[in-house]
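Protein chains in written order, with our numbering: chain A, 104 to 543; chain B, 104 to 543.
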């Protein structure tokens, strides 16, 4: 009898009766048709009423036991072998690149046999996933965490920043961080502040399709990230993700300017308000932004602390002051408000923000439009917000603003110093504003 | 001595001494240079420390008295004349279009003399702003409200829906609603549900640049909206806004699919997840979507009620369950959670959403990616959310989801009925999902 991990109750009996095991390709008859796929293990808190198959498309489907008419094993799965892959050949003379694993789709190769997409693979196996990596650099892979990126928190940011700072002392040529795509932009922004002035490339990289799918973007993204981290003459924090629909180019985005704008496309990531930093292809790296700092640079003093007492609130019609009062009660010290248009909220929220600021809080305004620039000087509402002490964050992304506010408070700054730090450009998060004309 | 409305204290004295009045073109010397612009009246709660000028660019600038070195009147403003414009000539045989004014930039013509952008003009004056309107339709303009759209609430949606329903009974050929752009998308979605099946075109229209600026999009947008409302053979709720950078085409977006994606560009509005409904140019209306209902149609029963006890929460790293608990305490009945990626949140928020649902609340998931589709079947986090009773809203926009949830509760539906209504397509807010393959 094969492995049926995670299945219990009726589902377990049902599968046992059919002689099925995890990893088998099974044909399931349901009330609405026949579904063929690989039997996948259930997650920790799975119920007893579903059988989960991984379809050939790479997606999973949960089938309700009630609608199931029968199960037939079509092909037995190979017995999973968990022997670690052979280490790469030693390759002297190549640049040294530290690969930090945090989890996410890009690190899900081990699920190839079982079908489930959950963070599992060690970064150590990446070189066996993409053999050419070991010809590009001497890799030192380390697993930092193994979580879906929606569970990444400022505490993880701190650990990553500290490890990168150590890598600089260890004279690595570059660092690659594999990360789930969901909060990749938030982490990239956070590290951009914590590691401002870092003298080597720090490349965050993810994948929208798991490596067991033919259309996976993992190998290409990894090759580009490792190449640039090891060899490109630039420094700073970047995100490397698939460019367009082509299969041979990878976009490099500035860490404070990148956003996941599509749930599933491989080219979901875009640079907002600025050009791409660079584009990598098989023929090399093309700089598409004129202000990329070279390697080395000035002094580097990491500031890896973050204060989590920051909340992001998106404004919506009929929003009341309740959310702001609740945040204040819960000890929130700074708010990032995602207003409408140029940075507006309704009268009640203006008043409540005024109270929040008078009580010592820091209130910042971004726009839910995503593109463009907050301007509180155009309309009465904006001027009321300025008078209430709300700080307009120009063309800063909300997600970047959240990470920056956590970082600013983490430096120990408060009051007017915190406000000043929020309003000046520290890591490319805002473009200089021309006064009194407008760039648009 | 001219009018200096709103100025007080030092600012008032400063301007009086210079012999300046509102509407005058003045040259102000500051510590950093000379600014020339039209003196603008202060808003109600303005402080005494600023002088506000409208620049030639159309934007206002607030100048701190402390930095001011002197004021010189360059040209006296014309004395404002508040005589209403002459009514349009009677034009029998033309379609009858009701124009409902709600405020916003599009309705700011009267500020031409004074410079301030605040909602002021009556819709009745639109025909003098764009004389050709009266050749396109017999217009009946009515002022419903006069507010910036960030102050539009579900109560306003109800009044608008009721007035449109009455317009149908009055046999108007179409309705145009002028509206601030900030929450235009929210209102369009709300009316799409409240007026589902409406037999005439209901066109919401705004402007990104006030009509007193040479680059204003107000006249073109209005001409397109009135033409389509009066004469096009379609029905339903649409948003009409500038298309691209050209000056002769207007995009028509489906009311449930439109989003303001740029703070200031005239072509800020985009259709998300679906093609544009139609494109209007001087040569006529081109349908760019195959499913636009013609005029007339089946029975029409407006459902204009909304329940405001719905909150929109955008997830972010380190978000706690506090915001959800606070919402529950405040009597919120439904939550729209803007998750990351395919619709994910961290473990604590998953748990808290489960509690919210078990206590009878309705929790729905959208994605902060904006583009793409929520899918809770791919990753463990998603399956945990499904098990917690969270409803994935497919490719529905967060803003539309908020309006829909308020409308669903407003119909009196609760529990499983509310959940069912949220999960089926009622007004084009989601596209049908192909099972088990994926459209992307």
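Virtual Cβ for every residue (Gly too), placed ideally from N, Cα, C.
Predicted, not measured: the structure shown is a model, and the values here were computed from it.
Close Cβ partners of residue i (< 7 Å) along its chain, the five nearest in sequence each way excluded
| i | result |
| --- | --- |
| residue 262(A) | 247 |
| residue 357(A) | 341, 374, 377, 380 and 531 |
| residue 166(A) | 131, 133, 138, 153, 154 and 156 |
| residue 275(A) | 199, 200, 201 and 303 |
| residue 348(A) | 370 |
| residue 390(A) | 381 |
| residue 487(A) | 453 |
| residue 491(B) | 453, 456, 457 and 460 |
| residue 426(B) | 416 |
Interface flag, residue i vs chain B, CB-CB below 7 Å
| i | result |
| --- | --- |
| residue 330(A) | no |
| residue 474(A) | yes |
| residue 420(A) | yes |
| residue 207(A) | no |
| residue 185(A) | Model confidence at residue 185(A) stands at a pLDDT of 36, short of 50, so the residue's coordinates are unreliable; what they give is reported in the following sentence. Answer no: the Cβ-Cβ gap between residue 185(A) and chain B never drops below 7 Å. |
| residue 280(A) | no |
| residue 364(A) | yes |
| residue 411(A) | yes |
| residue 141(A) | no |
| residue 295(A) | no |
| residue 444(A) | yes |
7 Å Cβ cutoff, residue i in contact with chain A
| i | result |
| --- | --- |
| residue 448(B) | yes |
| residue 425(B) | yes |
| residue 433(B) | yes |
| residue 285(B) | yes |
| residue 253(B) | yes |
| residue 289(B) | yes |
| residue 121(B) | no |
| residue 417(B) | yes |
| residue 166(B) | no |
| residue 429(B) | yes |
Residue interval of the alpha helix (DSSP H) (run including residue i)
| i | result |
| --- | --- |
| residue 479(A) | Unbroken run through residue 479(A): none, as it is neither H nor E. |
| residue 259(A) | 257 to 272 |
| residue 123(B) | Segment: none, residue 123(B) is in no alpha helix (DSSP H) and carries neither H nor E. |
| residue 253(B) | From DSSP, residue 253(B) is part of no alpha helix (DSSP H); its letter is neither H nor E. |
| residue 511(A) | 501 to 513 |
| residue 94(A) | The displayed coordinates of chain A run from 104 to 543. Any statement about residue 94(A) would go beyond what the structure contains. |
| residue 242(B) | Premise fails: residue 242(B) lies in the beta strand (DSSP E), 241 to 246, not in any alpha helix (DSSP H). |
Neighbourhood of residue i by C-beta, 6 Å cutoff - its chain only, sequence neighbours within 5 removed
| i | result |
| --- | --- |
| residue 484(A) | 447 |
| residue 513(A) | 408, 409 and 410 |
| residue 293(B) | 260 and 506 |
| residue 321(B) | 209, 310 and 314 |
| residue 475(B) | none |
| residue 175(A) | 130 |
| residue 493(B) | 456, 466 and 468 |
| residue 524(A) | 511 and 516 |
Enclosing beta strand (DSSP E) for residue i [first to last residue]
| i | result |
| --- | --- |
| residue 142(A) | 136 to 142 |
| residue 203(A) | 199 to 204 |
| residue 172(A) | 171 to 178 |
| residue 379(A) | Note, residue 379(A): premise wrong, no beta strand (DSSP E); not H, not E. |
| residue 399(A) | Looking at the DSSP string, residue 399(A) is not in any beta strand (DSSP E), and its letter there is neither H nor E. |
| residue 369(B) | Careful: residue 369(B) lies outside any beta strand (DSSP E) and carries neither H nor E. |
| residue 385(B) | No beta strand (DSSP E) contains residue 385(B), which DSSP labels as neither H nor E. |
Proximal residues to residue i (C-beta, below 8 Å), its chain only, five neighbours per side dropped
| i | result |
| --- | --- |
| residue 471(B) | 417, 418, 441, 442, 443 and 501 |
| residue 434(B) | 412 |
| residue 462(A) | 431 |
| residue 299(B) | 406, 529 and 530 |
| residue 360(A) | 374, 375, 376, 377, 500, 503, 531 and 532 |
Outcome for residue i when other beta-carbon atoms lying within 10 angstroms are tallied against a minimum of 16
| i | result |
| --- | --- |
| residue 301(B) | buried |
| residue 333(A) | buried |
| residue 520(B) | exposed |
| residue 497(B) | buried |
| residue 112(A) | exposed |
| residue 178(A) | exposed |
| residue 527(B) | exposed |
Within the stretch 282 to 367 of chain A, note down every full alpha helix (DSSP H) run reaching 4 residues or more, in order along the chain.
Runs found: 287 to 297 and 321 to 334.
In chain order, each beta strand (DSSP E) run of at least 3 residues that lies wholly inside the stretch 408 to 467 of chain A:
Entirely contained in the stretch 408 to 467 of chain A, the beta strand (DSSP E) runs reaching 3 residues are, in chain order, 413 to 417 and 437 to 442.
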